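J.:
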Amino acid sequence: PDPCYDEPGTPRRCIPDFVNAAFGKEVRASSTCGHKTPSRFCVLSSADKGAERTRTCHTCDASDPRKYHPPAYLTDLNNPHNLTCWQSENFVQFPQNVTLTLSLGKKFEVTYVSLQFCSPRPESMVIYKSMDYGKTWVPFQFYSTQCRKMYNKPNRAVITKQNEQEAVCTDSHTDMHPLSGGLIAFSTLDGRPSAHDFDNSPVLQDWVTATDIKVVFGRLHTFGDENEDDSEPARDSYFYSVSDLQVGGRCKCNGHASRCVKDREGSLVCDCKHNTAGPECDRCKPFHYDRPWQRATAREANECVACNCNLHARRCRFNMELYKLSGRKSGGVCLNCRHNTAGRHCHYCKEGFYRDLSKPISHRKACKACDCHPVGAAGKTCNQTTGQCPCKDGVAGVMCNRCAKGYQQSRSPIAPCIKIP
Amino acid sequence: EVMPTLDMALFDWTDYEDMKPVDT
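Chains as they are written, first to last, in the numbering used here: chain A, 159 to 579; chain R, 8 to 31.
1. Could you pull out every unbroken beta strand (DSSP E) segment of at least 3 residues lying fully inside the stretch 406-475 of chain A, listed in chain order?
2. Does DSSP classify R/D25 as helix, strand or coil?
3. Using the DSSP secondary-structure output, state which residues sit across from A/G490 in a beta bridge.
4. Which residues, in chain order, does the stretch 11-22 of chain R contribute to contact with chain A at a C-beta distance below 8 Å?
5. Between A/F375 and A/R408, what straight-line distance do the alpha-carbon atoms span, to the nearest angstrom?
6. Have a look at A/V250, A/S203, A/V177 and A/A535 and flag the residue whose alpha-carbon is nearest the alpha-carbon of A/D233.
7. How is A/Q566 classed by DSSP in three states: helix, strand or coil?
8. DSSP state of A/V361, grouped into three classes?
9. In the DSSP assignment, find the unbroken beta strand (DSSP E) run with A/M283 in it and report its ends.
10. Could you please tell me which residues of the stretch 543-554 of chain A, in chain order, have their CB closer than 9 Å to any CB of chain R?
11. Would you give the residue range spanned by the beta strand (DSSP E) that A/Y309 belongs to?
12. Check whether the Cβ of A/S516 lies closer than 8 Å to any Cβ atom in chain C.
13. Using the C-alpha atoms, what's the distance from A/V405 back to A/R457?
14. One question on the structure: do A/K487 and A/C462 come within less than 8 Å of each other, judged by their Cβ atoms?
15. Does any CB atom of chain R fall closer than 8 Å to the CB of A/L556?
16. Looking only at its chain, what residues have a beta carbon closer than 7 Å to the beta carbon of A/N237, apart from the 5 residues adjacent to it on each side?
17. Could one say the Cβ of A/S570 lies closer than 8 Å to chain R's Cβ atoms, at least one of them?
18. State the DSSP-derived secondary structure class of A/L273, mapped to helix, strand or coil.
19. Of the residues A/V250, A/T328 and A/I317, which one's Cα is nearest the Cα of A/A353?
20. Alpha helix (DSSP H) containing A/A343: first to last residue?
21. Taking R/D22 as the reference, give the member of A/C504, A/I572 and A/H379 with the closest Cα.
22. Figure out for me which residue from A/F511, A/G510 and A/W451 has the closest Cα to the Cα of A/G489.
23. If you run the structure through DSSP and keep just helix, strand and coil, what is A/A527?
24. Since A/H531 meets chain R, which of its residues come closer than 7 Å, beta carbon to beta carbon?
25. How about A/P518 and A/A535: are their beta carbons less than 8 Å apart?
26. In or out: A/C430 buried (at least 16 other Cβ within 10 Å) or exposed?
27. Which whole-angstrom value describes the C-beta separation of A/C276 and A/S399, a residue pair presumed to lie in contact below a C-beta threshold of 8 Å?
28. What are the start and end residues of the beta strand (DSSP E) that includes A/P571?
29. Taking three-plus beta-carbon pairs below 8 Å as touching, is the stretch 329-349 of chain A in contact with the stretch 266-276 of chain A?
30. When you compare only the Cα positions, how much space is there between A/P253 and A/S188?
31. What three-state label does DSSP hand A/P532 in the structure shown?
32. Is any beta-carbon of chain R found at less than 8 Å from that of A/P574?
33. Comparing C-alpha positions only, which one of A/C172, A/A209 and A/C218 sits nearest to A/K194?
34. Go through its chain and collect everything with a Cβ distance to A/S204's Cβ below 6 Å, but skip five positions before and after it.
35. Would A/F249 and A/R422 qualify as a contact pair, given that the criterion is a beta-carbon distance under 8 Å?
36. Are three or more beta carbon pairs between the stretch 165-175 of chain A and the stretch 411-420 of chain A nearer than 8 Å?
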């Protein structure tokens, strides 16, 4: 059964499965250890906060699969018993930053972005989103122990209806401990007043929509030993390292598809139902313009409806005025009515033709040409339903091709029938 | 009683050449 239709085939809202949209996707990292030449790095560990720290050093080497920490580890299968970690170069410290960029391949409605760290969590970082495939970026969330200083934003600002589409800065999740295994999880709708009525909130629907996610690590946590003499071992201990980057959400299809598929070009697109079209089912498919496109809701599927052109036209367009006049029922206007029909639904015969009532209006030959006599008729246009031509004085017949009773034919084409004396 | 159809050959088209149907 198709989730987009109930048993009798009535359309209903449907949404794709909730997935980790980052899984298996390529992540571009602005810095990866050992990428150019093998490098040393050291891992700090301590039983718990305040206990003495121990430092063990290793080599990061891109040419050795056992020692490499590529960005691919961010979105590979996350095995807690065998963590694979991407790792940046050492001590890329503010004002320098390290960026991770992930393209989702299409618009997604993002529910959360999470990062599981192999290193201490950053002192400051920002999660951005793009809605135009990386052309422009919008902040999603700021994290910092010093929101005002680092990002000129208040810490934990209250979110109101007026600013629900703005990123907030918070000092939560910025503790340096645990030194490994810390998690940052950003929930896009957390604390947003309209979240409970998401269906009717275009603002939040827009807010959670993203085609790309970018994480910018802005400042490393340190123990303050990075500037001491012989600081090299210390600096070799400060880097960003993440084992798992997740982007939880659904392929955005506006309620008109239950899954996303790869199209011929290999791009991810919605498998649109309800006569909708486009990668996000965000418009009506051709010839289905009898009412404006709308997102589906829990109560109403808002499927697109075909124009009614009585099989006489292949194209139509939407007219808002007609739609309103019809009580928001029908606004389609057929284009290029064929078979000698006319009207917004190609439902009557055009001038010079009349209805053949022995055939339905949808029949190709529903309209017959008027057959008005070149001399007896006063014009070539006949009555739409009877085919009666306009006759000159004294002339009779549907086609005005004979004189009326009491009249006889004359020699004048102007007055073809004259009264019998 | 059905009246005969108009006979195009009977009409005098002098002065009405422009009205004369092509096939007459």
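Think of the CB as a built atom: it goes at the ideal place given N, C-alpha and C, for glycine as much as any other residue. Note that the structure is a prediction, hence the values are computed from the model and not measured.
T.: On the basis of the supplied data:
1. 418-420 and 426-428
2. helix
3. A/F476
4. P11, T12, L13, D14, M15, L17, F18, D19 and W20
5. 26 Å
6. The sequence shown places Thr at residue 233 of chain A, not Asp. For A/T233, the nearest C-alpha among the options comes from A/V177.
7. A/Q566: strand per DSSP, three-state reduction.
8. helix
9. S282 to S288
10. Listed in sequence order: V553 and A554.
11. Careful: A/Y309 lies outside any beta strand (DSSP E), inside the alpha helix (DSSP H) at C305 to Y309.
12. In the displayed structure, chain C is absent; the protein chains listed are A and R.
13. 28 Å
14. no
15. Before going on, a small fix: residue 556 of chain A reads as Val here, not Leu. No, A/V556 does not count as interfacial toward chain R.
16. none
17. yes
18. strand
19. Comparing alpha carbon positions, the residue from A/V250, A/T328 and A/I317 closest to A/A353 is A/I317.
20. Where A/A343 is concerned, there is no enclosing alpha helix (DSSP H), although the beta strand (DSSP E) it sits in stretches over L341 to S345.
21. A/I572
22. A/W451
23. strand
24. The CB of A/H531 comes closer than 7 Å to the CB of L13 in chain R, given here in chain order.
25. no
26. buried
27. 4 Å
28. Per DSSP, A/P571 belongs to no beta strand (DSSP E) and is neither H nor E.
29. The stretch 329-349 of chain A vs the stretch 266-276 of chain A: in contact.
30. 14 Å
31. In the structure shown, A/P532 adopts coil according to DSSP, grouped into three states.
32. yes
33. A/C218
34. Correct list, in chain order: R211.
35. no
36. yes
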